[in-house]
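Rendered as structure tokens:
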């Protein structure tokens, strides 16, 4: 029986991690710390029986008190939307860098275990015709305020491991999709557009490639790292879906949902071209493999599950739909 502190546990990936933890380890005590910004939703944790604390990871006194109680801190809390970081970078600096610093200092004082959740975007991007994949040794080359602040937080964790001897691991994961993802994001936006009787939208030509991974596969990898990961190590998480571009994803969504088609909208400034993760280290050392994969697109089964969730949970996403689409329309997207 453990006590886990999950920062950002009311957000998309964090809440799915809480649900998985509750299913796998029903005896664990779970403390969720979440600021409940627009991307955090208390309803995401319904039925999980957690101790919920509304608060900021930059609040040093609060973080210190909660870390002191936890055997393990799993640090999901982050500002994570590229478009938002281009409009207002400051919240990304505060949460992603100052917040991580605050967590690290509490971990240093109390000697507890930390796992830090990061992203493939810290590595920059690859050319569309580049066969390479990001490894744990790939140099960092972030291209947005979001990815730059996540890169900074990764460097802080490594520095605290080396300088102060804290116990910590890092995982860098590719783009997630699945239940509870905010509808401003690419996949749930298209699903909810179709469910709402609107036309799906594709940035630019849709040639960009993301190594899409179902959120449950991501969180299963995190649990393996918590159980078997070596201190101070970084593990890349990817589902080998880096052959699927955004155009193919939206076309598959339209096929699965019986939608007649989609429209092109203005591309994002500085849109990264291709992400691809080499998860060999995770697979060989810890025995991880993704569940939601197949030979056609690597995504069909996962998208079917995700579409079913949004179809069955209209009360969760419908109240925000008009506001989200209005914001996109104002930007020509």
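Numbering (UniProt numbering), first residue to last: 1 to 333. Built from N, CA and C at the ideal position, the CB exists for glycine as well. Everything numeric in this text was worked out from a predicted model, so none of it was measured.
If I follow the unbroken alpha helix (DSSP H) through residue i, where does it start and stop?
i: residue 123; result: Segment: none, residue 123 is in no alpha helix (DSSP H) and carries neither H nor E.
i: residue 146; result: 145-164
i: residue 249; result: 246-257
i: residue 193; result: 186-195
i: residue 319; result: 314-330
i: residue 284; result: 280-286
Which residue marks the beginning of the beta strand (DSSP E) containing residue i, and which one marks its end?
i: residue 65; result: Note, residue 65: premise wrong, no beta strand (DSSP E); alpha helix (DSSP H) at 60-69.
i: residue 3; result: 3-7
List the residues that DSSP assigns as beta-bridge partners of residue i.
i: residue 300; result: Paired residue(s): none; residue 300 is not in a bridge.
i: residue 235; result: 171
i: residue 203; result: 265
i: residue 176; result: 213
i: residue 12; result: DSSP, once it has assigned bridges, lists no residue as partnering residue 12.
i: residue 29; result: 3
i: residue 311; result: Answer is none; residue 311 lacks a bridge partner.
Going by Cα to Cα distance, which pick from the options is closest to residue i?
i: residue 84; options: 101, 269, 152, 18; result: 269
i: residue 289; options: 256, 221, 243; result: 221
i: residue 28; options: 11, 68, 49; result: 49
i: residue 311; options: 216, 299, 196, 324; result: 196
i: residue 335; options: 267, 180, 69, 139; result: Missing from the structure shown is residue 335; the chain here goes from 1 to 333 and no further.
i: residue 286; options: 230, 54, 316, 323; result: 230
i: residue 163; options: 39, 225, 104, 281; result: 104
i: residue 291; options: 1, 189, 241, 25; result: 241
i: residue 317; options: 180, 250, 186, 228; result: 180
i: residue 14; options: 227, 44, 198, 130; result: 44
i: residue 190; options: 234, 87, 306, 6; result: 306
i: residue 199; options: 123, 265, 173, 209; result: 265
i: residue 187; options: 303, 16, 61, 11; result: 303
i: residue 319; options: 184, 239, 258; result: 184
i: residue 271; options: 121, 7, 78; result: 121
i: residue 11; options: 273, 74, 182, 21; result: 182
i: residue 140; options: 214, 172, 330, 34; result: 172
i: residue 112; options: 16, 75, 22; result: 75
i: residue 299; options: 251, 232, 71, 118; result: 251
i: residue 166; options: 107, 99, 258; result: 107
i: residue 73; options: 262, 168, 138, 212; result: 168
i: residue 253; options: 329, 194, 36; result: 194
i: residue 117; options: 215, 326, 293; result: 215
i: residue 98; options: 60, 82, 88; result: 60
i: residue 41; options: 23, 20, 16; result: 16
Query - 3 or more residues per run - each beta strand (DSSP E) lying fully within the stretch 35-118 - result: 51-54, 72-75
Requested in this report: Take every Cβ of the stretch 41-59, pair it with every Cβ of the stretch 145-161, and state whether three or more of those distances are shorter than 8 Å.
Outcome: no
Query raised in the report: Quick one: any contact between the stretch 202-210 and the stretch 144-153, if contact means 3 or more CB pairs under 8 Å?
Result: no
Query raised in the report: So does the stretch 122-129 actually touch the stretch 274-285, counting three or more Cβ pairs closer than 8 Å?
Result: Yes: the two stretches touch, three or more of their Cβ pairs being nearer than 8 Å.
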